[in-house]
């Protein structure tokens, strides 16, 4: 038999921290006192009425609602129902055992079962704890006698005499069931809380609770898998017995673990004291350094003060000597009384020089010393930052590294990082970032706590540069900061669109993906048939496609990727009044030899960008970016050919009438020109031969967080 005194921990209510009193079984299988359930719900409803800012359970000393539970008040108080004086109306209950919000259903507390088995065990524990305290008879006249038995049908305790009186032979009461003296009276038959006149005779395997036949026929358990109560009793008892037997058979192993844990407890105590001592010594060293610096600074200020005061006092004495009958002036007045010319001249010459200097100093008065001590202001900004980052040594915690390949800046910033060892040794990460500004001397870092290894940062300024860094935390231990990575935001707000599959779209030569974010041109059989009719040159046709959304005003930016195998791609913008001309223009017929801005060695480099074209496009292809020629451009074709960036961007400023082509990875402008924005402007693309263009997708926080959770 298991000793009753060894199971106190299982008999304590998680809410009031006392022995259970009429415990109720929650849907999460935790037990809470009936009174505690009502008090917690009442406290929550009172908090809703008070605005939910503070816990209003002051009148209930049994319950202490934690801050984490109070944080969930807003989610529970949506209904706005008022408190009932008898029964709380909330259907969501914050379980103090698992810290989750549990739905109690429509019946609330009334739909919960009492845990009579737990009540019986608690009563046994109480009896063992108060063996010397007797249970008195409920019907004796004062003074009451000690009871000898308790009637389960009457829910009362009796002495021998009172039991005979209230249970006479030959009556129905004589057939009542009685047990030894107890204060725990449980019903003989467990009734259904939803159908109070029905006894439970089945067990729902889905909800893991007893149900009656009405619950199965038309209640909330109609479609659930149920079994008979006897079967459930036998099955659960066998499982529990086997598990208990297994644990008992491993008693030696459990004792060994307990011994090991005891040693770990002692070791933890010793190590913690040693760590405290080392931390105290480290801070004492810092205090000593600061005290020395403080003393040196105060000495320097005191020395400077003494020197300045001496200079100012000397200057005061000099100016006091300029007063009548005082100092230098008084001495000069006495010299003037000399009547012997030779003696006067001998003395007056040096005196006259001094008088002249005093006169000049009076005209150009300047204090002999500064009164301000601006040179003695201690700049502790950097030291404060360092002390703010002061923490325990990483002790092997790996330094995370921000991946510039996986991170990207578009409508939002997606920052991803990895650990060199590819192991997630940190419990949490702290991502910091700040905007680079040359005018600001003191940098203020924005801080975000992240559970995973990536984070989407919103609300960044356009056309700006940001520095990012990250560090890992494991408990109170943190790793050093990662290397700072600088990313640039787009020069304008991101413009989102899809490829238009209706206006001028040639489905024979171009192929769109289902989401209309990628277009591909295939040099297949239709192109071969078109070229078969031509006998001179290698003329082929450009296939155009535009965006499905236009721009009327403002400044906008969009990005895309061109596959490395693409032979010829043109990108740019087209006004709405020239779209028809674009799809039916004779300029569609092009050739690598005669294309003016194709970049090929065709002898056409002397030509420049033709303003009569229906749209403004630049040429890409063969992993190159070709800058269009202009009258002022350099004639050397090699200077117009740049490597094709992995991701390109276009910035259209309708208000200024200019369009720029960017390396979207570095947000660097490669080429900019004027454009006619008299109509609604549409993104335009042209493909020839084997080529493909993929629109850059927006950074969405919810999708990335979902992937991290998965």
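Residue numbers (full-length UniProt numbering): 1 to 710. The beta-carbon is built from N, C-alpha and C at its ideal position, and this holds for glycine as well.
Within-9 Å CB hit, residue i to chain C
{"i": "residue 157", "result": "No chain C appears in the structure shown, which is made up of a single protein chain."}
Residue i vs residue j beta-carbon contact at 9 Å
{"i": "residue 104", "j": "residue 92", "result": "yes"}
{"i": "residue 162", "j": "residue 140", "result": "yes"}
{"i": "residue 224", "j": "residue 207", "result": "yes"}
{"i": "residue 684", "j": "residue 521", "result": "no"}
{"i": "residue 462", "j": "residue 489", "result": "yes"}
{"i": "residue 179", "j": "residue 20", "result": "no"}
{"i": "residue 417", "j": "residue 465", "result": "no"}
{"i": "residue 202", "j": "residue 228", "result": "yes"}
{"i": "residue 400", "j": "residue 472", "result": "yes"}
{"i": "residue 686", "j": "residue 567", "result": "no"}
{"i": "residue 198", "j": "residue 214", "result": "yes"}
{"i": "residue 157", "j": "residue 181", "result": "yes"}
{"i": "residue 126", "j": "residue 34", "result": "no"}
{"i": "residue 670", "j": "residue 627", "result": "yes"}
{"i": "residue 699", "j": "residue 413", "result": "yes"}
Which of helix, strand or coil DSSP assigns to residue i
{"i": "residue 260", "result": "helix"}
{"i": "residue 301", "result": "helix"}
{"i": "residue 34", "result": "helix"}
{"i": "residue 711", "result": "Missing from the structure shown is residue 711; the chain here goes from 1 to 710 and no further."}
{"i": "residue 547", "result": "strand"}
{"i": "residue 313", "result": "helix"}
{"i": "residue 563", "result": "coil"}
{"i": "residue 200", "result": "coil"}
{"i": "residue 274", "result": "helix"}
{"i": "residue 504", "result": "coil"}
{"i": "residue 65", "result": "Unreliable placement is indicated for residue 65, whose pLDDT of 48 sits below 50; the coordinate value is still reported in the next sentence. Looking at residue 65 - three-state DSSP - the assignment turns out to be coil, as it is neither helix nor strand."}
{"i": "residue 377", "result": "coil"}
{"i": "residue 623", "result": "coil"}
{"i": "residue 337", "result": "coil"}
{"i": "residue 675", "result": "coil"}
{"i": "residue 698", "result": "coil"}
{"i": "residue 637", "result": "helix"}
{"i": "residue 209", "result": "strand"}
{"i": "residue 496", "result": "coil"}
{"i": "residue 307", "result": "helix"}
{"i": "residue 557", "result": "strand"}
{"i": "residue 12", "result": "strand"}
{"i": "residue 231", "result": "helix"}
{"i": "residue 343", "result": "helix"}
{"i": "residue 253", "result": "helix"}
Residue of the options minimising C-alpha distance to residue i
{"i": "residue 677", "options": "691, 573, 38", "result": "573"}
{"i": "residue 478", "options": "368, 431, 663, 435", "result": "431"}
{"i": "residue 174", "options": "181, 182, 165", "result": "165"}
{"i": "residue 644", "options": "697, 576, 560", "result": "560"}
{"i": "residue 429", "options": "397, 405, 408, 436", "result": "397"}
{"i": "residue 438", "options": "216, 670, 467", "result": "467"}
{"i": "residue 366", "options": "340, 346, 318, 562", "result": "318"}
{"i": "residue 583", "options": "623, 542, 619", "result": "542"}
{"i": "residue 555", "options": "652, 147, 619", "result": "652"}
{"i": "residue 679", "options": "419, 127, 657, 693", "result": "657"}
{"i": "residue 32", "options": "7, 43, 109", "result": "109"}
{"i": "residue 720", "options": "358, 26, 136", "result": "Nothing can be reported for residue 720: it is not among the residues displayed for the chain, which extend from 1 to 710."}
{"i": "residue 427", "options": "460, 615, 436, 475", "result": "475"}
{"i": "residue 494", "options": "470, 403, 551", "result": "551"}
{"i": "residue 562", "options": "388, 107, 505, 623", "result": "623"}
{"i": "residue 565", "options": "507, 546, 693", "result": "693"}
{"i": "residue 642", "options": "625, 649, 650", "result": "625"}
{"i": "residue 39", "options": "95, 28, 286", "result": "95"}
{"i": "residue 665", "options": "146, 404, 340, 278", "result": "404"}
{"i": "residue 22", "options": "120, 29, 239, 485", "result": "120"}
{"i": "residue 204", "options": "232, 185, 346, 688", "result": "232"}
{"i": "residue 496", "options": "547, 506, 451", "result": "547"}
{"i": "residue 621", "options": "689, 581, 159, 654", "result": "689"}
### Query
In chain order, which alpha helix (DSSP H) runs of at least 4 residues are fully inside the segment 94 to 130?
The qualifying runs are 116 to 129.
#### Entry: Three CB pairs or more closer than 8 Å across the segment 369 to 378 and the segment 299 to 316
Contact between the segment 369 to 378 and the segment 299 to 316 is present: three or more C-beta pairs spanning the two stretches fall below 8 Å.
### Task
Note down, one range per segment and in chain order, each alpha helix (DSSP H) of at least 4 residues found wholly within the segment 129 to 191.
Counting only runs of 4 or more, we get 160 to 166.
### Message
Which complete beta strand (DSSP E) runs does the UniProt domain "Fibronectin type-III" (396 to 492) hold, if anything under 3 residues is left out?
### Response
Scanning the UniProt domain "Fibronectin type-III" (396 to 492) from its first residue to its last, the whole beta strand (DSSP E) runs of 3-plus residues come out as 413 to 418, 428 to 435, 446 to 450, 454 to 457, 465 to 474, 485 to 488.
### Query
When the Cβ atoms of the segment 659 to 676 are set against those of the segment 510 to 519, are three or more pairs found closer than 8 Å?
Too few Cβ pairs lie closer than 8 Å, so no.
### Query
Okay, do the segment 347 to 359 and the segment 325 to 336 touch, 3+ Cβ pairs below 8 Å being the bar?
Under the Cβ criterion (8 Å, minimum of three pairs), the segment 347 to 359 counts as touching the segment 325 to 336.
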